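Novice: Residue numbers (full-length UniProt numbering): 1 to 532.
1) May I ask whether a heavy atom of the ligand FAD can be found less than 8 Å away from the beta carbon of residue 203?
2) Have a look at residue 370 and residue 397 and give me their C-alpha separation to the nearest angstrom.
3) Verify whether the separation of the beta carbon atoms of residue 281 and residue 525 is less than 9 Å.
4) Exposed or buried, residue 158, counting other C-beta atoms within 10 Å across all chains shown (16 or more means buried)?
5) Could you give the DSSP three-state label for residue 43: helix, strand or coil?
6) With a 10 Å radius around its C-beta and 16 neighbouring C-beta atoms as the bar for buried, classify residue 457 as buried or exposed.
7) Going by the CB atoms, is the gap between residue 520 and residue 541 shorter than 9 Å?
8) Near residue 294, which residues of its chain fall below 8 Å by C-beta distance, leaving aside the five closest residues on each side in sequence?
9) Mind checking which residues open and close the beta strand (DSSP E) that includes residue 304?
10) Are the beta-carbon atoms belonging to residue 414 and residue 386 less than 9 Å from one another?
11) Within its chain, find whatever has a CB closer than 7 Å to the CB of residue 494; leave out the 5 residues flanking it on each side and keep chain order.
12) Compute the Euclidean distance between the alpha carbons of residue 209 and residue 196, then round it to the nearest angstrom.
13) On the criterion of 16 or more Cβ atoms from any shown chain inside 10 Å, does residue 107 qualify as buried, or is it exposed?
14) Rounding to the nearest angstrom, what Cα-Cα distance links residue 412 and residue 404 in this structure?
15) Let me check one thing: in DSSP terms, what residues is residue 478 bridge-paired to?
16) Does the region 417 to 428 come close enough to the region 371 to 391 to have 3 or more Cβ pairs within less than 8 Å?
17) Suppose the cutoff is 7 Å on Cβ atoms and the five residues either side in sequence are ignored; what does the same chain contact list for residue 454 look like?
18) Determine the direct distance from the alpha carbon of residue 422 to that of residue 439, and round the result to whole angstroms.
19) Smallest Cα separation from residue 523: which of 279, 154 and 433?
20) How would you label residue 182, buried or exposed, when you count the other beta carbons within 10 angstroms and need 16 or more for buried?
21) Out of 335, 153 and 169, state which residue places its alpha-carbon closest to the alpha-carbon of residue 323.
22) Where does residue 207 sit, in a helix, a strand or coil, going by DSSP?
23) So, are the CB atoms of residue 353 and residue 301 less than 9 Å apart?
24) By alpha-carbon positions, which one of 355, 380 and 345 ends up nearest to residue 364?
25) Skipping 5 residues on each side, what residues in its chain have a beta carbon closer than 7 Å to that of residue 368?
26) Strictly by DSSP, which residues pair up with residue 315?
27) Leaving out five residues on either side along the sequence, give the residues of the same chain with a beta carbon under 8 Å from the beta carbon of residue 291.
28) Name the two residues that bound the continuous alpha helix (DSSP H) containing residue 325.
29) Less than 8 Å between C-beta atoms, sequence neighbours within five positions excluded: which residues of the same chain meet that for residue 528?
30) Give every residue of the same chain whose Cβ lies closer than 7 Å to the Cβ of residue 447, excluding the five residues on either side of it in the sequence, and list them in chain order.
31) Determine, using beta carbons only, whether residue 474 and residue 443 come nearer to each other than 9 Å.
32) Judging by CA-CA distance, which residue of 496, 497 and 472 is the nearest neighbour of residue 487?
33) What residue from 400, 399 and 429 has the CA that sits closest to residue 410's CA?
34) Within its chain, find whatever has a CB closer than 6 Å to the CB of residue 316; leave out the 5 residues flanking it on each side and keep chain order.
35) Using DSSP bridges, identify the partner residues of residue 298.
36) On the CB-based measure, 16 or more other CB atoms within 10 Å of its CB, does residue 185 come out buried or exposed?
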């Protein structure tokens with residue numbers, strides 16, 4: 001249908017229609033327009049022609065009637081309305097829509113529209129004249145306008161593209177400038193880094209040379225110190241200090257008489273052991289656990305490898321290790337079996353003997369507690385029969401009574417205010433905690449740090465207030481089998497600080513020492529006592 005209307009419109013172009021033809025079209029479409037409407041329009045056109053003679057010349061005076069406008073062209077419309085619009089200069093594009101039966105006139109132009117869209121334009125000349133189809137002129141005008149709009153759009157688009165290209169070019173130039181600056185800065189930094197590296201290499205070479213020089217100087221100093229120590233040992237050996245070996249004959253006679261009367265076998269047992277210390281053969285640092293004060297030891301009687309640790313000068317827990325290897329591999333005291341004591345201890349003078357822990361209870365009274373390690377219970381206790389006690393060692397003020405065990409049994413090393421300058425010794429019964437015998441030794445308390453007992457002979461170890469090399473400087477033998485000439489002057493190897501405890505193990509011939517938190521083993525070289 002659209003193609004048919006288009007062909008009809010082409011046939012109508014350049015054709016002339018009379019007023020009767022238009023009225024016929026209006027009559028067939030059912031419009032209420034009358035001839036007077038066109039007459040008025042003709043008069044307007046005539047007036048326009050009088051004002052504009054050129055316009056009148058363009059309209060033929062005696063235009064021949066033409067064929068009527070086909071009625072089927074109007075009836076072919078699908079839309080419900082159509083109108084004739086009178087306009088002097090329409091500005092709308094012309095296209096091929098449907099014809100609609102609605103007409104409107106205004107300003108001498110007749111326009112057929114579909115849904116308010118223009119279709120064909122007619123100029124009304126006069127009632128007896130013709131209408132001339134102006135579609136070609138309008139189409140040409142619209143085409144020119146479209147071309148102008150397209151050219152304008154393309155021009156603007158081209159201008160925008162050129163502006164965009166200019167902007168991108170400026171940005172690329174700015175980026176190139178920055179890249180150039182970064183390249184220059186990178187080269188400068190690389191040069192500075194290379195120079196700094198060369199300087200550092202030179203400094204490190206100088207430091208390495210100085211370190212080698214310092215190491216050489218330290219080796220020389222160490223060699224000189226070792227030589228000096230050997231010379232001091234030689235001088236001390238050639239000119240030993242007089243040992244404090246003395247036997248209180250009267251006291252010994254009284255005690256021996258009482259002991260013989262009480263238990264003849266016990267006294268004879270005191271004379272069986274003939275070992276005495278000759279020198280310290282070797283030293284082994286086992287581990288470092290705990291604080292500067294404490295003790296560690298083994299049971300000299302029980303056939304066991306268990307090791308017991310008393311950490312600090314005050315506490316209530318004993319740490320038990322299955323072996324020394326377990327102690328060395330333990331992280332601190334984590335692998336130990338914890339044995340809780342019923343009463344806290346004081347000092348570092350405790351010991352382990354025959355499956356029992358003998359320790360000094362904390363308090364005003366110096367009470368000895370016998371504790372069963374297997375059953376974890378108190379077996380016995382006794383107040384030490386000594387009044388107004390003072391610290392037994394001048395350099396270990398935390399210890400008032402130092403319990404020691406050897407081949408003969410259990411001993412107690414102590415000091416009293418009555419005999420404040422010297423150290424005292426007592427033999428204890430390990431079963432009943434009774435005091436069997438007591439001695440006043442000639443060994444002074446001043447500068448003493450610890451002591452141990454071997455075969456009934458007490459060896460007192462001395463040091464200085466500023467810790468140096470410890471030495472055995474006083475020996476007291478209860479059996480009077482060690483003379484002044486036989487008493488050795490034994491020096492301990494150099495170590496960390498001062499000994500807070502020294503515990504002798506007769507089975508191993510070793511001393512378990514606690515030195516400023518370090519657990520140390522001293523291997524002893526022994527010799528026989530000489531009969532007086």
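Backbone N, C-alpha and C fix where the C-beta goes; we use that ideal spot for every residue, glycine too. Predicted model only: the values in this text are computed from it and were never measured.
Specialist: According to the data block:
1) With respect to small molecules bound, the structure shown includes none, and the ligand FAD cannot be examined in it.
2) 23 Å
3) yes
4) exposed
5) With a pLDDT of only 44 at residue 43, under 50, the local geometry of the prediction cannot be trusted, and no value is derived from it.
6) buried
7) This structure gives no information on residue 541, because the portion of the chain shown stretches from 1 to 532.
8) 309, 310, 311, 312, 313, 348, 500, 501, 514 and 517
9) Careful: residue 304 lies outside any beta strand (DSSP E) and carries neither H nor E.
10) yes
11) 469
12) 20 Å
13) Reliability fails at residue 107, whose pLDDT of 37 lies under 50, so the model's placement of it is uncertain and no value is given.
14) 6 Å
15) The partner list for residue 478 (beta bridge, DSSP) is empty, contrary to what the question assumes.
16) yes
17) 275, 276, 277, 406 and 504
18) 11 Å
19) 279
20) exposed
21) 335
22) helix
23) yes
24) 345
25) 358, 360, 381, 382, 384 and 433
26) 345
27) 311, 312 and 517
28) 324 to 329
29) 274, 275 and 276
30) 394, 395, 462, 463 and 464
31) yes
32) 472
33) 429
34) 341 and 344
35) 307
36) exposed
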